[in-house]
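J.:
Number of protein chains: 2
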Amino acid sequence: MKIALAQINPTVGDFTGNLEKIVAASRRAADLGARLTVFSELVICGYPPADFLEKPSFLARCRTAVDELAAATAEMSTAVLAGVALPAEGETGKRAVNAAVLLDGGRLLLEQHKRLLPFYDVFDEQRYFANTRPQQVVELDGVRLAITICEDAWNDKGFWPRRLYTIDPVEELMRQRPEVHINLSSSPFWHSKRPIRREMLAAIARRHGVPVLMCNQVGGNDSLIFDGSSLALNGSGELIAQAASFEEDLVVVDLGSPASAPGNLPAAAAEENDTAAAYHALVLGTRDYVRKCGFRKVLVGLSGGIDSALVAAIAKDALGAENVMGVGMPSPYSSAGSIDDSRQLAANLGIRFELIGISGLFEEFTRTLEPLFAGMKPDTTEENLQSRIRGSLLMALSNKHGALVLTTGNKSEMAVGYCTLYGDMVGALAVIGDLVKTRVYAICRWLNRDCEVIPRAILEKPPSAELRPDQKDTDSLPPYEILDPILEAYVERYETPECIAKAYGFPLEIVEQVVRLVERSEYKRQQAAPILKVTAKSFGMGRRFPIAVKVQV
Amino acid sequence: MKIALAQINPTVGDFTGNLEKIVAASRRAADLGARLTVFSELVICGYPPADFLEKPSFLARCRTAVDELAAATAEMSTAVLAGVALPAEGETGKRAVNAAVLLDGGRLLLEQHKRLLPFYDVFDEQRYFANTRPQQVVELDGVRLAITICEDAWNDKGFWPRRLYTIDPVEELMRQRPEVHINLSSSPFWHSKRPIRREMLAAIARRHGVPVLMCNQVGGNDSLIFDGSSLALNGSGELIAQAASFEEDLVVVDLGSPASAPGNLPAAAAEENDTAAAYHALVLGTRDYVRKCGFRKVLVGLSGGIDSALVAAIAKDALGAENVMGVGMPSPYSSAGSIDDSRQLAANLGIRFELIGISGLFEEFTRTLEPLFAGMKPDTTEENLQSRIRGSLLMALSNKHGALVLTTGNKSEMAVGYCTLYGDMVGALAVIGDLVKTRVYAICRWLNRDCEVIPRAILEKPPSAELRPDQKDTDSLPPYEILDPILEAYVERYETPECIAKAYGFPLEIVEQVVRLVERSEYKRQQAAPILKVTAKSFGMGRRFPIAVKVQV
Chain A
77 MKIALAQINP TVGDFTGNLE KIVAASRRAA DLGARLTVFS ELVICGYPPA
127 DFLEKPSFLA RCRTAVDELA AATAEMSTAV LAGVALPAEG ETGKRAVNAA
177 VLLDGGRLLL EQHKRLLPFY DVFDEQRYFA NTRPQQVVEL DGVRLAITIC
227 EDAWNDKGFW PRRLYTIDPV EELMRQRPEV HINLSSSPFW HSKRPIRREM
277 LAAIARRHGV PVLMCNQVGG NDSLIFDGSS LALNGSGELI AQAASFEEDL
327 VVVDLGSPAS APGNLPAAAA EENDTAAAYH ALVLGTRDYV RKCGFRKVLV
377 GLSGGIDSAL VAAIAKDALG AENVMGVGMP SPYSSAGSID DSRQLAANLG
427 IRFELIGISG LFEEFTRTLE PLFAGMKPDT TEENLQSRIR GSLLMALSNK
477 HGALVLTTGN KSEMAVGYCT LYGDMVGALA VIGDLVKTRV YAICRWLNRD
527 CEVIPRAILE KPPSAELRPD QKDTDSLPPY EILDPILEAY VERYETPECI
577 AKAYGFPLEI VEQVVRLVER SEYKRQQAAP ILKVTAKSFG MGRRFPIAVK
627 VQV
Chain B
77 MKIALAQINP TVGDFTGNLE KIVAASRRAA DLGARLTVFS ELVICGYPPA
127 DFLEKPSFLA RCRTAVDELA AATAEMSTAV LAGVALPAEG ETGKRAVNAA
177 VLLDGGRLLL EQHKRLLPFY DVFDEQRYFA NTRPQQVVEL DGVRLAITIC
227 EDAWNDKGFW PRRLYTIDPV EELMRQRPEV HINLSSSPFW HSKRPIRREM
277 LAAIARRHGV PVLMCNQVGG NDSLIFDGSS LALNGSGELI AQAASFEEDL
327 VVVDLGSPAS APGNLPAAAA EENDTAAAYH ALVLGTRDYV RKCGFRKVLV
377 GLSGGIDSAL VAAIAKDALG AENVMGVGMP SPYSSAGSID DSRQLAANLG
427 IRFELIGISG LFEEFTRTLE PLFAGMKPDT TEENLQSRIR GSLLMALSNK
477 HGALVLTTGN KSEMAVGYCT LYGDMVGALA VIGDLVKTRV YAICRWLNRD
527 CEVIPRAILE KPPSAELRPD QKDTDSLPPY EILDPILEAY VERYETPECI
577 AKAYGFPLEI VEQVVRLVER SEYKRQQAAP ILKVTAKSFG MGRRFPIAVK
627 VQV
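Chains as they are written, first to last, in my numbering: chain A, 77 to 629; chain B, 77 to 629.
1) Among all the DSSP beta bridges, which residues are the ones paired with residue 291 of chain B?
2) With DSSP run on the structure shown, which of helix, strand or coil describes residue 572 of chain A?
3) Beta-carbon of residue 84 of chain A versus every beta-carbon of chain B: anything under 7 Å?
4) Report the partner residues of residue 302 of chain A according to the DSSP bridge assignment.
5) By a C-beta neighbour count over all protein chains shown, 10 Å radius and 16 as the cutoff for buried, is residue 343 of chain A buried or exposed?
6) Taking a cut of 8 Å between CB atoms, which residues from the stretch 104 to 137 of chain B lie near chain A?
7) Report the start-end ranges of each alpha helix (DSSP H) in the stretch 347 to 389 of chain B that is 4 residues or longer and not cut off at the edges.
8) Below 7 Å CB to CB, which residues in the same chain sit around residue 388 of chain B once its five sequence neighbours on both sides are set aside?
9) How many Å lie between residue 617 of chain B and residue 197 of chain B at the Cα?
10) Tell me whether residue 540 of chain A sits in a helix, a strand or coil according to DSSP, three-state version.
11) Quick check on residue 163 of chain A: does DSSP put it in helix, strand or coil?
12) Please say whether residue 173 of chain B and residue 206 of chain B have beta carbons closer to each other than 7 Å?
13) Who pairs with residue 462 of chain A in a beta bridge, going by DSSP?
14) The beta strand (DSSP E) with residue 174 of chain A in it runs from where to where?
15) Report buried or exposed for residue 380 of chain B, applying the criterion of at least 16 other Cβ atoms within 10 angstroms of its Cβ.
16) Below 7 Å CB to CB, which residues in the same chain sit around residue 101 of chain A once its five sequence neighbours on both sides are set aside?
17) With respect to the alpha helix (DSSP H) encompassing residue 487 of chain A, which residues constitute its N-terminal and C-terminal limits?
18) Which residues, in order along the stretch 437 to 448 of chain A, keep a beta-carbon less than 7 Å from a beta-carbon of chain B?
19) Can you find a heavy atom of the ligand ZN that lies under 6 Å from the Cβ of residue 594 of chain A?
20) If the cut is a Cβ gap below 8 Å, which residues of chain B does residue 400 of chain A touch?
21) Cβ atoms of residue 498 of chain A and residue 498 of chain B: under 7 Å apart, would you say?
22) What are the residues that DSSP puts in a beta bridge with residue 284 of chain A?
23) Below 9 Å on C-beta distance, what does residue 265 of chain B contact in chain A?
24) Closer than 8 Å between beta carbons: that is the criterion. Which residues of the stretch 455 to 469 of chain B meet it against chain A?
25) Between residue 458 of chain A and residue 372 of chain A, what straight-line distance do the alpha-carbon atoms span, to the nearest angstrom?
26) To the nearest whole angstrom, what separates the beta carbons of residue 297 of chain B and residue 305 of chain B, a pair I think is in contact under 8 Å?
27) Taking one C-beta from the stretch 201 to 219 of chain B and one from the stretch 208 to 220 of chain A each time, how about it: are there three or more such pairs within less than 8 Å?
28) Identify the contact partners of residue 606 of chain B in chain A, using a Cβ-Cβ distance below 7 Å as the criterion.
29) Which of the three DSSP states is assigned to residue 321 of chain B in this structure?
30) With a CB to CB cut of under 6 Å and the five nearest residues on each side skipped, what residues in its chain are close to residue 538 of chain B?
31) Mind checking if residue 582 of chain B is an interface residue toward chain A, Cβ cutoff 7 Å exclusive?
32) Exposed or buried, what is residue 124 of chain A when buried is set at 16 or more other beta-carbons lying within 10 Å of its beta-carbon?
33) I need the straight-line Cα distance from residue 460 of chain A to residue 473 of chain B, nearest angstrom please.
34) From B:120, B:520, B:79 and B:78, pick the residue whose C-alpha is nearest to that of residue 96 of chain B; which is it?
35) Taking C-beta pairs closer than 8 Å, name the residues in chain A that residue 298 of chain B reaches, listed in chain order.
36) Is there a Cβ of chain B sitting closer than 7 Å to that of residue 453 of chain A, yes or no?
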């Protein structure tokens, strides 16, 4: 039997558009001889629909969409297996199920429900979905299929040191002697997750001697980026097919042919490194956020620093140079180099560049506030003011020109609060808010691997906010080579200050200073733009801390 | 046996401070002859601790805090029953439990775990807590106690038309023939919840013929306000004791005395109406947010409108007139009345009032942007600019004076996006962000019941943003008498446009226009300050919608 993995990019709530894509991909798969076309988890309504799942009208629309899909594919030679939310049947508990429907010749052959509902990090599935009955193997043309949905396959006792669930739907299904295991996923990207996912599925394939086919969503949805990377493994856990990462794709697997041995895989299977993957993820996440919000154009404030340079480069690759405008907004404390470097960057990228001086506005603010500031010395107030003037200017351009502002802050800044609410934090999307500063540098060096995209001067100057004379980031913060490992240990892995100081050989007081800054800045992060997630633990929905606390470190 | 309900106001993470309060209240209860002192859910670590529960170091600190509490109360004549998170024991699943510990004479008599873990609206408990073993009745001096934690008691099949859980811990405990049922709660306030909670507990008391004692947390924690209102019901479901709402309290119940018949209750039992309750909740929520964040002073931008007037009145009652500063920031479009009315309001409240004209800044922005705006007509850009100038001025005052800015937007504005990101949306806390405009009016009228707090001119003028000549809210929006019912039906109850139009007799196109505005404004709400929750469904953590969607209404 030939099975197609149809990796498409749906939009949450766009039933019409998603169905069109599903029908078109099914038709293409049928033309290629596939007897079954597999789509990703919740592909019909888009993933993640979040609280739309609490609306009865949304679930009712899902049900009619399944009927429409059955009708539209009734005459095709391929069956269709696709994910969708549906109303739950029970009298108790949650009102929705996370389902896979198998449609063939216009009939519903199977409605199967996800059993393991993740509720950690960015996942809230127990908020929405009912726990449901065990899955059953289903036959198509006499071939016995075991169907699981994403997390259902993430509880293998041989693979994980600690399991999150007491049941294992894969084991239950394998007792029913299936010939192939198909997993529908919407598994968001974070760096180094792809090999884990592949090895985990390979371990399952090997343990049961049953091939695994996984179709994963591709595309950006707010903070989440789905990488696709759908794949097929034979019963020995060897890779026999691999779809592209970060773009739509259709891959046909012939389980009956000798080619189900690992053969010549397409180029996509040669996986790029983590740095390249993060860059491609951010390009996709930016493109989809802007377009799914109904926009084409973006604005980036260019400070002459490395963060805004990287964001501009990502924006250009995501949307095309003609849709990106860089805006330099020098203050009296901006170096001449900053403006030249920004201009050079814009030239390298081929994007429009505009310059708006803020000295007049800064003076007018100072004059206006003078009566209320009498006798008080300059402090961070004046630094924040410059930042907020820039924020207001960018938003005015955004309003007038119908272009989204991209926020340029990195994860190190967001972590310690080295950023200004309503100032440099303005914008629709925090493109690199999940990259610590040292990773920003690494990606920029990678971008420059063949030719200079980011001007060398930007890569080489010491980081500075340029909000007062001769300011350097290291005036307020430890060097990033020390700060970033502390942040990754504390923010991403929840290690204690004592453990971090010991593990890295850093002075405890520096670690504790950083931790205090992190804890004190939560209020800023809760008003931040959505951050594109590329690590296992990013700021945003996946990390939920209260503000009004007294943390005893 | 005499049992004390000790309703205290803990702070998340403040183990030292919380333990001090618990020990002091236990001592007072012992002095009043109580043999058992009951505290609220998670009182030792503060509620809700959110992702602190994922830190092993936090759970370890909880464990040592229990030991400290046992030692500190070892010599007292009262046992102590208190809520705390503790590390889970199992090899699979979540790593924490939501526990109640019973300490007597320095020994741990019982560690019991919450079984029903809410995961809807603002609750994420299945994100953190393990499902655990059934509860057991425990004896203290021969009296059989059934102990439940909050949600454990919220699944009564006789009370709820649809239940969320298949098990009922109360029924299981009642089979063990307890003499009293004690519920530790951290049950957040929303208007009209208190009678539901009381009637539900009364139904349970009656059905099993067992008295119910409920100790509820009091205090504000970010968006959530806990009203206290701890109570005792006899086995006939009659109220026999009632603690205060919105303040700390200690109530002693003598179950053995004839007074366990409903007698003369203290004044607190006479419950105020919904309008008054919402006001008191907002005062408490504001006070606790500001103080638990380590601040004393606040700033309120006074526009001359009713929203900022109400926020200033709440701030004054929460923090004292000497800690509130009102700031008027008139533009060329501000009416003379607006300034006079703000001044009058400040005088009524006894707060400081400052005036900062923004015309100079508006002109300077216009001049600065002219080259990029050439040939384009004025539009909402210029309106937003005025709002953002005001936001920047308030934040500058906040930075310089160490005072938090209180945001003044109401729920109607937040719903339809009739507010400016980084403009009037700036601030640390959105005090009235869960009150639709018509409720803002109702509360202001109630505030004025004895004497004029809100100047009559503010109550009587038609709502206007005053961002262009002769602007009125009704230029862009339906009148609030129409808008607010639509919003409550759509946002709070998830009704469809068709149902709403039919139920209220409004034209469908008006309802659909409002719904489109709500859907289009999600990006603004996700960057809003935390909103004090006073309805069953407020914007914020309890309502999670994606931004990049294509909603097909």
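Even glycine gets a Cβ: it sits at the ideal position worked out from N, Cα and C.
T.: Concretely, from the data shown:
1) In the second sequence, residue 291 of chain B corresponds to position 215, counting from 1. Paired residue(s): B:260.
2) Position 496 of the first sequence, counted from the first residue, corresponds to residue 572 of chain A. Here residue 572 of chain A sits in coil by DSSP.
3) As a first step, residue 84 of chain A must be located in the first sequence, where it is residue number 8. With 7 Å as the cut-off, residue 84 of chain A does not count as an interface residue toward chain B.
4) Taking the first sequence and counting its residues from 1, one reaches residue 302 of chain A at position 226. Partner(s): A:264 and A:295.
5) Taking the first sequence and counting its residues from 1, the one referred to as residue 343 of chain A is at position 267. Caution applies to residue 343 of chain A, whose pLDDT of 45 falls short of 50 and renders its modelled position unreliable; the value that the coordinates give is listed next. Burial call: exposed.
6) 122, 124, 125, 126, 127, 128, 130, 131, 132, 133 and 137
7) 350 to 368
8) The residue you call residue 388 of chain B lines up with position 312 of the second sequence. Here the set comprises 376, 378, 400, 402, 421, 425 and 427.
9) As a working mapping, residue 617 of chain B is identified with position 541 in the second sequence. As a working mapping, residue 197 of chain B is identified with position 121 in the second sequence. Whole-angstrom Cα-Cα distance: 7 Å.
10) As a first step, residue 540 of chain A must be located in the first sequence, where it is residue number 464. In this structure, residue 540 of chain A counts as coil in the three-state DSSP scheme.
11) In the first sequence, the residue the question calls residue 163 of chain A occupies position 87. Note: residue 163 of chain A maps to strand in three-state DSSP.
12) Here residue 206 of chain B corresponds to residue number 130 of the second sequence, with the count starting at 1. Here residue 173 of chain B corresponds to residue number 97 of the second sequence, with the count starting at 1. Going by C-beta atoms, residue 206 of chain B is nearer than 7 Å to residue 173 of chain B.
13) Taking the first sequence and counting its residues from 1, one reaches residue 462 of chain A at position 386. Per DSSP, none; premise fails for residue 462 of chain A.
14) One-based indexing of the first sequence puts residue 174 of chain A at position 98. Segment 172 to 180, the beta strand (DSSP E) holding residue 174 of chain A.
15) As a working mapping, residue 380 of chain B is identified with position 304 in the second sequence. Flag for residue 380 of chain B reads buried.
16) Taking the first sequence and counting its residues from 1, the one referred to as residue 101 of chain A is at position 25. Result list for residue 101 of chain A: 82, 84, 113 and 326, in chain order.
17) Counted from its first residue, the first sequence places residue 487 of chain A at position 411. Here the alpha helix (DSSP H) through residue 487 of chain A covers 487 to 492.
18) 437, 440, 441, 444, 445 and 448
19) In the structure on display, the ligand ZN does not appear, and there are no ligands present to speak of.
20) Translated into positions along the first sequence, residue 400 of chain A becomes position 324. What residue 400 of chain A touches in chain B: nothing, since even the nearest Cβ is about 15 Å away.
21) One-based indexing of the second sequence puts residue 498 of chain B at position 422. One-based indexing of the first sequence puts residue 498 of chain A at position 422. It is a contact, given that the beta carbons lie within the stated cut-off.
22) Your numbering for residue 284 of chain A matches position 208 in the first sequence. For residue 284 of chain A, which the question treats as bridged, DSSP gives no partner whatsoever.
23) The residue you call residue 265 of chain B lines up with position 189 of the second sequence. None at all; the shortest Cβ gap to chain A is about 16 Å.
24) 455, 456, 457, 460, 461, 464, 465, 467, 468 and 469
25) For the purposes of this step, residue 458 of chain A is taken as residue 382 along the first sequence, with counting starting at 1. For the purposes of this step, residue 372 of chain A is taken as residue 296 along the first sequence, with counting starting at 1. If I take the Cα positions, the gap works out to 34 Å.
26) As a position in the second sequence, residue 297 of chain B is number 221, starting the count at 1. As a position in the second sequence, residue 305 of chain B is number 229, starting the count at 1. Incorrect: roughly 16 Å between the Cβ atoms, too far for contact.
27) no
28) Counting from one through the second sequence, the residue named residue 606 of chain B turns up at place 530. Simply 602 and 623.
29) On the second sequence, residue 321 of chain B is found 245 positions in, with the first residue counted as 1. Residue state, collapsed to three classes: strand.
30) The sequence position of residue 538 of chain B within the second sequence is 462, counting from 1. 548.
31) On the second sequence, position 506 is the one that residue 582 of chain B refers to. Not one chain A Cβ lies under 7 Å of residue 582 of chain B.
32) Numbered from 1 along the first sequence, position 48 holds the residue referred to as residue 124 of chain A. Buried, since its Cβ has 16 or more Cβ neighbours within 10 Å.
33) Along the first sequence, read from residue 1 onward, the residue named residue 460 of chain A stands at position 384. Along the second sequence, read from residue 1 onward, the residue named residue 473 of chain B stands at position 397. Computed Cα separation, rounded: 11 Å.
34) By one-based count along the second sequence, residue 96 of chain B stands at place 20. Of the candidates B:120, B:520, B:79 and B:78, the one whose C-alpha sits nearest the C-alpha of residue 96 of chain B is B:120.
35) As a first step, residue 298 of chain B is located in the second sequence; it is residue number 222 there, counting from the start. By Cβ distance, chain A contributes 622, 623 and 624.
36) By one-based count along the first sequence, residue 453 of chain A stands at place 377. Residue 453 of chain A does not count as touching chain B.
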